[in-house]
Amino acid sequence: MKDRIEHVADILMGAAYADQHLAGDERTAVRQLLRQLLDVETLPMDLDFRIDEFTANGFDLQKTAGVFANDAPEVKRHLLELVAAIHAADQEFDLAEDEFVHRLGEALGLPHSAYKDMIISVVDEVDLAEGLDEVRFAAEDAEARPPMPPPPGSK
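Residue numbers (this note's numbering): 1 to 155.
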């Protein structure tokens, strides 16, 4: 990944902007992860400038991810793990950030099973409500349930 560090930086900055705003901790996290990848104390000036000048409007996820199309699944997974670390930096849960991981995984050509542990699945409230009474009263006969008490103030 070192030979394509600019593309890694772009993906990480795209991840930082996935929720439409950039928290200060996210930019710091991008720099920290890139320093770790390069094994340096200070980022090269051009890479640091690239991070500062990044705009989400000019970022093309499909094109940038395409640079990693022929990499091993382990390398692609590592890239997704870096993105997940950026999302964790703002200490907020955001569905847009999860969607970014999913879109990147697809753009990298990974099966959903390769990154499903990095995203949250939301249970639709409607589906949950439909089965709730069945679970709650599974051991009881529906006709044996006690009647609901009258609302307060009624006779």
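Ideal Cβ placement from N, Cα and C applies to all residues, glycine included.
Measure the alpha-carbon distance for Leu-61 versus Leu-37 and round it to whole angstroms.
-> As a position in the sequence shown, residue 61 is number 61, starting the count at 1. As a position in the sequence shown, residue 37 is number 37, starting the count at 1. Cα to Cα, Leu-61 sits roughly 21 Å from Leu-37.
Excluding five sequence neighbours on each side, which residues of the same chain lie with their C-beta closer than 7 Å to the C-beta of Asn-70?
-> As a first step, residue 70 is located in the sequence shown; it is residue number 70 there, counting from the start. Around Asn-70: no qualifying Cβ.
Please determine if the region 111-119 and the region 44-52 are in contact, where contact requires at least 3 C-beta pairs separated by less than 8 Å.
-> no
Determine the contact status of Val-83 and Met-1, defining contact as a CB-CB distance below 9 Å.
-> Taking the first residue of the sequence shown as 1, we reach residue 83 at position 83. Taking the first residue of the sequence shown as 1, we reach residue 1 at position 1. For Val-83 and Met-1, no; Cβs fall outside 9 Å.
Rounded separation between Pro-73 and Val-8 - CA only | Within the sequence shown, numbered from 1, the residue matching residue 73 stands at position 73. Within the sequence shown, numbered from 1, the residue matching residue 8 stands at position 8. Each residue's Cα considered, the two are about 16 Å apart.
Please go through the same chain and pick out, in chain order, the residues whose beta-carbon is closer than 7 Å to the beta-carbon of Leu-80, but skip the five residues on each side of it.
-> If you number the sequence shown from 1, residue 80 lands on position 80. Hits under 7 Å: Val-101, Leu-104, Gly-105, Tyr-115 and Met-118.
Once you ignore the five residues that flank Ala-89 on each side, which residues in its own chain have a CB closer than 6 Å to its CB?
-> Your numbering for residue 89 matches position 89 in the sequence shown. These residues qualify, in order along the chain: Asp-25, Glu-26 and Ala-29.
Whole angstroms is fine: what's the gap from Leu-33's alpha carbon to Leu-12's?
-> In the sequence shown, residue 33 corresponds to position 33, counting from 1. In the sequence shown, residue 12 corresponds to position 12, counting from 1. The straight-line gap from Cα to Cα measures roughly 9 Å.
Candidates Leu-108, Phe-59 and Gly-153: closest to Gly-14 by CA position | What you label residue 14 is simply residue 14 of the sequence shown in a count that begins at 1. Among Leu-108, Phe-59 and Gly-153, the Cα nearest to that of Gly-14 is on Phe-59.
Give the single residue among Glu-99, Arg-77 and His-87 whose Cα lies nearest to the Cα of Gly-109.
-> One-based indexing of the sequence shown puts residue 109 at position 109. Nearest option by C-alpha distance: Arg-77.
Rounded Cβ spacing between Glu-6 and Arg-50 (contact assumed at less than 8 Å) = The residue you call residue 6 lines up with position 6 of the sequence shown. The residue you call residue 50 lines up with position 50 of the sequence shown. 6 Å between Cβ atoms; contact.
So, is Asp-3 buried or exposed, given that buried needs 16 or more other C-beta atoms within 10 angstroms?
-> In the sequence shown, the residue the question calls residue 3 occupies position 3. Asp-3 should be labelled exposed.
Just reading off the alpha helix (DSSP H) that Pro-73 is part of, what are its end residues?
-> Taking the sequence shown and counting its residues from 1, the one referred to as residue 73 is at position 73. Residues 73-89.
How many Å lie between Arg-31 and Asp-94 at the Cα?
-> Taking the sequence shown and counting its residues from 1, the one referred to as residue 31 is at position 31. Taking the sequence shown and counting its residues from 1, the one referred to as residue 94 is at position 94. Cα to Cα, the separation comes out at about 22 Å.
Leaving out five residues on either side along the sequence, give the residues of the same chain with a beta carbon under 7 Å from the beta carbon of Ala-16.
-> Here residue 16 refers to the residue found at position 16 of the sequence shown. Excluding residues within five positions, the ones whose Cβ falls inside 7 Å are Leu-22, Glu-26, Arg-27, Val-30 and Ile-86.
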